[in-house]
Every structure is written in structure tokens, then in C-alpha cells.
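Comments concern the structure below.
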Amino acid sequence: MQLTGAVAVITGAARGIGAALARRFEKENPAALVLSDLEPAPGILAADVSSEHDIQRLIAHTIDTHGRIDLFCSNAGILVEGGAGCPDAEWDRIWKVNVMSHVWAARALLPHFRQRGGGYFLQTVSAAGLLTAPGSAPYSVSKHAALAFGEWLAIHHRRDGVKVSCLCPQFVRTGMVESVQSPLRSWMVDTSIPPEAVAETVVEGLAAEQFLILPHPEVKEYFQRKATDYDRWLRGMDRLIREKEGG
Ligand SMILES: NC(=O)c1ccc[n+]([C@@H]2O[C@H](COP(=O)([O-])OP(=O)(O)OC[C@H]3O[C@@H](n4cnc5c(N)ncnc54)[C@H](O)[C@@H]3O)[C@@H](O)[C@H]2O)c1
């Protein structure tokens, strides 16, 4: 899809990848860019994506104001560190933000897209949706689920003209990576790419209408290795994470 002349909505647009997407999209001369985040700010509407009501309100407001939505970027997401021991409340919180936000956006927008003969969902997932998230089980699980939902949507609503891209970066230099508490933090920060590089790849991926948008091309190779020999991949990930925890 072309962003020129499009009406696009971005969630989680106050900082990080969402803010970089907004800055990059602006250069393509969209008809309108509607930015939202948890807290209102100049040029940013308040919408908590862990609330279906807020997502409905954001979508209704955009259609009322701009007449349509061409692209919905479901970008807001959170990280919860830890494993099986994470409290249920944290699993519930990340499930709503990282998974249900995409479901609720689709639920609210599919009738509009069907009526208009199509529309585009960009879901910010993560390489963790294809591989795993070192140090965070809730993030890995929620991002796998988000990717599964994106796949399902792309298959079952293709006939309605609905297109889906899932953005799956590895580490990106934003508040999320900088907030990591585990010993893996320095590895993640040191190997992270700037959000501007992610935004550039997104514009290319949207133009090509690719399902998987991979700002780190090596992720495709890791994903292929995982599919080719799962057991070898599991052993390799254990070794890598232990090495990075120690280093
Ligand atoms: N930073 C990375 O390394 C990385 C890698 C892969 C994927 N991602 C994904 O990219 C997306 C953006 O993350 P980021 O790195 O820019 O992080 P970030 O923390 O810099 O920005 C996230 C933004 O989302 C907002 N947000 C959080 N919860 C929200 C909610 N309930 N409702 C509305 N807005 C909310 C925050 O206020 C913030 O402005 C997330 O989905 C994240 O999982 C990040």
C-alpha cells in the first residue's frame, strides 16, 4: 500500500517505534495521521489499548473526523520480564496489551474494511513471535499469539480485501529495551538498531505488502534454522542466553 493520501492510525505513538513510524509516515504525505498513546499530549489522543472501549472510541473518532481508515497500526506493546513465576495479573496485563489489542482493532474495523472493499492492518509483533524472547516468557507467548492472530486474519479476510503485515524486529533502541532489568540488558542495548531504521523498513514492507516485515534480515535465517532443526535451535538458544547472561 502507498501511504500517500492514506488515513492511518498508530497506537503507542508517543515514543519509540510508534513515534518513529509517525515521523517517517509524515514524509509520505498521508491524508491524515491519527496518533494515540496511554496519555494525551499535543497531537496525541489518549487510548489505552488494553481497553476494547478505548480502541472502539479511537476508531470511531478517526472515521467521524477523516471519513475512513486505510491503515491501522496496532503498535503499542509492553514487556514483562520473568518466567512461569510471573504473577497471573502480569500475564493478564500483557495478554490484553500485546494480543487482545489486535483482536479488538480487527473486531471494530473489519466491518468498515469490508464495506470499503479492503483495508490494512500493521501489527507490531517482534522477532520473539517467530523465535523467543530471552528472559521473558509472557512476552514470547503474547508475541507468538499476536503473530498467530495476524496470520489468521491475513488468511481468512484476504477475500474481503484485507491486508496484514506483522512487524518483527529484534532489539530496537527504545525505552522498552532500556528498561530491561536482567543481565541480558547490555547485550540487547548494544545490538539494538534505532527506531528510525525500523520505520524505514516498514515503509518498504508496506509498499511491497509483505506479511513479515523484518528490519533485522537475519531473523529470517534464524526462523528457517528453527524450522529445519528445532532441537538444535533449542540447544543453541540455551547456549547463547547463558553466554549473554554471563557476559
Ligand atoms: N524495542 C524493542 O526491542 C522491540 C522489539 C520488537 C518489538 N517491539 C514492539 O514494538 C512496539 C513498540 O515498542 P517500543 O520499543 O517502541 O517501546 P516503548 O516503550 O518505547 O514505546 C511503547 C509505547 O506504547 C505505549 N503504551 C504502552 N502500553 C500502552 C497501552 N496499554 N495503551 C496505549 N499505549 C500504550 C507507551 O506509552 C509507549 O509510548 C511494542 O509492541 C513492542 O513489543 C519492540
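Here the sequence shown is numbered in the numbering used here, starting from 41 and rising by one per residue. Glycine included, each C-beta is placed from N, C-alpha and C at the ideal position. What you are looking at is a predicted structure, and each value in this text was computed from that prediction instead of being measured.
- Considered as a whole, the segment 122-151 harbours 128-135 as its complete alpha helix (DSSP H) runs of no fewer than 4 residues, in chain order.
- Going by beta carbons, P255 and I233 fall inside the 8 Å limit.
- Contact annotation: L149 and I195 have beta-carbon atoms that are not nearer than 8 Å.
- The Cβ atoms of V259 and A168 lie no closer than 8 Å to each other.
- Here the alpha carbon of R198 sits roughly 30 Å from the alpha carbon of G56.
- In this structure, ligand 1 has no non-hydrogen atom nearer than 7 Å to the beta-carbon of G159.
- The beta carbons of L207 and T172 sit no closer together than 8 Å.
- Of the residues P178, V143, I103 and R156, the one whose Cα lies closest to the Cα of W192 is V143.
- Ligand 1 has no heavy atom closer than 7 Å to the beta-carbon of S226.
- The alpha-carbon separation between L170 and I95 amounts to approximately 26 Å.
- Between A116 and S141, the beta carbon gap of about 6 Å places them in contact (Cβ cut-off 8 Å).
- C113 is bridged by DSSP to I50 and L162.
- Non-local C-beta neighbours of A237 in its own chain, meaning closer than 7 Å and more than five positions away in sequence, comprise P255, ordered along the chain.
- Judged by their CB atoms, P82 and A46 are not nearer to each other than the 8 Å cut-off.
- Take E285, set aside five residues on each side of it, and the residues of its chain with a beta-carbon closer than 7 Å to its own are P223 and L224, in chain order.
- As far as DSSP is concerned, I281 takes part in no beta bridge.
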